[in-house]
Each structure stands twice: as structure tokens, then as C-alpha cells.
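Structure first, commentary second.
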Amino acid sequence: MLPLVLSAIALPVGIFLALVVAPVEAFQGEPYRILYIHVPSVVTAYVGFTVTFVASLLYLWRRALRYDRLAAASAEVGQIFLTVVLLTGPIWGRPVWGAWWTWDARLTTALILWFIFAGYLMLRAWAGPAGAAAAAVVAVIGFLDIPLIHWSAVLLRTLHPRPAVFRPDPAMPGTMLAILLFNMAAFMLTYLALLGVRLQQEARRARLLAREEAG
Amino acid sequence: MRVLLAVLRKDLTVEVRSRELIPAMTLLVLLLLALGGSAGIRGASSSVVVWIAVVVSAALGLARSFGLETDQEQLQGLRMAPMDPGWIFLGKAAANFLVVTAVEIVAFAAAVVFLDLPAAGRLGPLAVVLLLGGGAIVSLGTLLAALLAGARPREAFLPLLLLPLGAPAVMTASGATAKLLGSPSEPVTGEVVLLAAFLLVYATLGALFFEYVIED
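Protein chains in written order, with the working numbering: chain A, 1 to 215; chain B, 1 to 216.
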């Protein structure tokens, strides 16, 4: 419950900071503000898929259903954030690059990753509980595929802005960086909140099914 | 290793006697290339169409190769046999590899006719790219097909997993093919190393995970 309340407060505050308080960027002008949604979303999505990867390995190893539920819930929420990434990117790209889409390494990786987890979620929907092991294997291959997709796309060429935050000397003025970090925290909270809701629902569903089978 | 050869021989014998996979896969490849050609795709850059045709028909064939195993509960037999499941996987993958390679050869020959794919160029390196790319796709596809044979969605679902998960191999292989046939001097060392890495990663994952996949 707590993450839900906190994220309901933090998200609007973050949007306000991004739209009103943050200074305008010198080269890109106003469209740059989408970065405050785009970058936190991509970080959150990758965190979500990392959790799915680890939970899937744990499921294959231990065969405990709670790991399977964690993997599924985290993939669902991660996919939502990745969808936000793929929607906000083109909105920014059109005014700044002059194109909605380019086949740059990062874009290609994100798009193919989206297709992989779309397939993963669809497999889960089709196969039901019997497909848990199959889904776990797909999640593991899908996650390990990320660097492979990236390298194969790098063999082409790259246009995407380089990471500005996760390096020893962040290339960003203090206010912008603070607001970006605030938004990252807000998005992570939202991830935790949604993850918690899905986990609770699935645990209840499992209990109900168990009761039905027993009675 | 003996297990690998036994499974390979079994699968090839089945294919030689039933002739189920190669004709259907070849037909699909020719159909896809003819559609591409009639839509006006031409030259070295059409190599991506050839690769997509190969992967789609591989998905069809791989799914069927496990469909044959599940039809009469043979997967149970394979699972219960006192053999290392990793070697069974490699045997299945080797048989599928020979089938897909046969289809690849037909596909590229047909592309020379239908898509005006240049037949000259560096054919030695091209063979390496075909074998490595085909091997990577087949290793991944064999694992996914085994995984779907045990789950409810079965065969229809394979392309939906094989295409995105195999995307890096398809991208790299078609990029290298276009270079080898289109521009005589551009090096493809990077692509060849990457394809070899894909093959290694997917074959290892397959041998490791096969056991979990055919379990239930």
C-alpha cells in the first residue's frame, strides 16, 4: 500500500518539476523535457527485466511458484515502462533528429526486446500455469539476448545520445540532474507499487485455485 | 557423443523415409522469395529477404520435428532413456541443422534467379556465414521447439519466439551476406566472430536447458 501512495504523490510532483521547474536546454529547447520520462522509464524497464531474469533462474532451480509469479509480474510491469520508452522516444526524435525512428543500436535493442517480452507474455497467456518452465527459459534467453542484439546493431551505426548520467562525471547541470534522479526514484516506486499489486493478485488467485482443487 | 550420432541417425532416417520436412520448407521458401521478387526486391540488399524466408521455414520445420516426437509420446521415451539430455539436444539440433542447410542452399540458389542476387563474390566466406548463421538459428530454434512441444501453444507459436530471439543472428547474417555479395572489399570479420559467438551461446544454452524443457 505504501509504495502505491508514495508513487501517486511522487509522479505528479516529478512531472511538475520536469515541465515547470527544470531549465530549458540550450540546443534542443523545450522537447528535451521528455527526457525526464524517457530515461527513468528505460532504467525502470531494464530493472524490471533483470528481476524477471533472476526470478526465472530461481524458478528453474528451486521450482517454487512464488518465483514464477515474481518473474511474470515484473515482466508485465517492465513491458509497460518499455512501451512508454518506445512511445516517448519518437515524440522527442521528430523535432530534435527530424525523424520519428532510426535503426540505431539502442532503438533496435529496445524494440526487439519489446517483441521478445511480448512473445513471453503471450506464451504465458496461452500456456497457462503448465508453461511456467517454458516461460522461464524464454525469459533467460531473452535477457541474455540483450547484449547480442546490441552488438549486432552496433555493427551498423549509432546516433542515440550517449548516456549522460551513469558515469563518473555526469554531463548535466545540477538542477536537471536532481530532477531526473527524482523522477527515476518516482518511476521505481511506481514499478514497486504495480509489482506489489500484481503479486498480491496472483498469490490470491493461486490460493483460490488450490482451494477449488481441494474442495 | 554416441547419443548425438544415434539421435541424428534416427531423425535423418525418419526424414528420408517420410520426406515431411524438406519439401514443405522448400516450398515455403520458394513462395516467400517469389513474393519478394514480384514485389520488386532486387540485388545484394535482398539477402535479408532470403534470410527471413530461411528462418520462417526453419520455424515451420523445427516445430514439426518435435511434433513428430510428441505424436506418439516419443518425447517420454527420449526423456526416460538413460542418456545425457544435453547430447540428445545436440543430436536433434544436428539433424535439424542438416535439414535447414539443405533449405538454405535451395533458398540462395533460388534468390539468384528470382531476386537477381549476385552469384559472384566471396563464396568461401559466404559459406562460413551460411553455416554459422544457420547453426545459431537452428540451436535456438531446436530449444524453443522442444520447449513448445511440452507446453500447450505448440507449433503455431514458434515464429513468435524464434524471430525476436533470433533477431541478432538474422541481422548479423544478412548484413554479412549483403556485404559479401554486394561490395567486394568490405571485411566481415566482425560479423563472422559475432555469428560464431551466437552459435556458441545458443548451443550451450540449449544443451543446458533441454533437460528442464522436456521435463513435465
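We put the CB at the ideal spot given by N, CA and C, even for glycine.
{"Query": "Residues bridged to Gly29 (chain A) [DSSP beta-bridge criterion]", "Result": "A:Glu25"}
{"Query": "Interface residues of the region 123 to 140 of chain A facing chain B [CB-CB below 7 Å]", "Result": "Leu123, Trp126, Ala127, Gly128, Ala130, Gly131, Ala133, Ala134, Val137, Val138"}
{"Query": "Rounded separation between Val13 (chain A) and Leu70 (chain A) - CA only", "Result": "29 Å"}
{"Query": "Residues of its chain near Tyr120 (chain A), where Cβ-Cβ distance is below 7 Å and the 5 sequence neighbours each way are ignored", "Result": "Ala75, Ala135, Val138, Ala139, Gly142"}
{"Query": "Residue-chain proximity (Leu82 (chain A), chain B), Cβ-Cβ < 8 Å", "Result": "no"}
{"Query": "Within 9 Å of chain A by C-beta, residues of the region 56 to 89 of chain B in sequence order", "Result": "none"}
{"Query": "Contact set between Gly29 (chain A) and chain B, taken where Cβ atoms lie within less than 9 Å", "Result": "Simply none; closest approach about 34 Å."}
{"Query": "Beta-carbon proximity check, Leu208 (chain B) vs Gly86 (chain B), cutoff 8 Å", "Result": "yes"}
{"Query": "Near-chain B residues of the region 89 to 106 of chain A (beta-carbon distance less than 7 Å), N- to C-terminal order", "Result": "none"}
{"Query": "CB contact check: Asp145 (chain A) to chain B, cutoff 8 Å", "Result": "yes"}
{"Query": "C-alpha distance - Arg94 (chain A) paired with Trp100 (chain A), whole-angstrom precision", "Result": "5 Å"}
{"Query": "Chain-ordered neighbours of Ala153 (chain A) on chain B, where CB pairs are closer than 9 Å", "Result": "Pro168, Met171"}
{"Query": "Test: Leu60 (chain A) CB closer than 8 Å to a CB of chain B", "Result": "yes"}
{"Query": "Rounded C-alpha distance that separates Ala132 (chain A) from Arg63 (chain A)", "Result": "9 Å"}
{"Query": "Validate contact between the region 71 to 91 of chain A and the region 39 to 57 of chain A using beta carbons, cut 8 Å, 3 pairs", "Result": "yes"}
{"Query": "Contact between the region 103 to 115 of chain B and the region 160 to 169 of chain B (3+ Cβ pairs under 8 Å)", "Result": "no"}
{"Query": "Span separating the alpha-carbon of Lys92 (chain B) from that of Leu82 (chain A)", "Result": "36 Å"}
{"Query": "Where Phe114 (chain B) meets chain A, residues with beta-carbon distance less than 9 Å", "Result": "Neighbours of Phe114 (chain B) on chain A: none; closest Cβ ~26 Å, over 9 Å."}
{"Query": "From B:Ala146, B:Pro23, B:Thr70, residue whose alpha carbon lies closest to that of Ala102 (chain B)", "Result": "B:Pro23"}
{"Query": "Proximity of Gly98 (chain A) and His38 (chain A) at Cβ, strictly below 8 Å", "Result": "no"}
{"Query": "8 Å Cβ cutoff met for Ala10 (chain A) and Tyr36 (chain A)", "Result": "no"}
{"Query": "Cross-chain neighbours of Leu86 (chain A) in chain B, by beta carbon under 8 Å", "Result": "None at all; the shortest Cβ gap to chain B is about 14 Å."}
{"Query": "Nearest residue (CA-CA) to Leu111 (chain A), options A:Leu194, A:Val84, A:Ala186, A:Arg211", "Result": "A:Val84"}
{"Query": "CB contact check: Val49 (chain B) to chain A, cutoff 8 Å", "Result": "no"}
{"Query": "For Ala22 (chain A), the nearest candidate out of A:Phe182, A:Val197, A:Leu86, A:Met1 (CA to CA)", "Result": "A:Phe182"}
{"Query": "Three-state secondary structure assigned by DSSP to Gly182 (chain B)", "Result": "helix"}
{"Query": "Unbroken alpha helix (DSSP H) run spanning Met1 (chain A), endpoints", "Result": "That residue, Met1 (chain A), is in no alpha helix (DSSP H); it is neither H nor E in DSSP."}
{"Query": "Validate contact between the region 128 to 140 of chain B and the region 13 to 27 of chain B using beta carbons, cut 8 Å, 3 pairs", "Result": "no"}
{"Query": "Pair within 8 Å by beta-carbon distance, Pro118 (chain B) and Val188 (chain B)", "Result": "no"}
{"Query": "Element boundaries [alpha helix (DSSP H), containing Phe97 (chain B)]", "Result": "85 to 114"}
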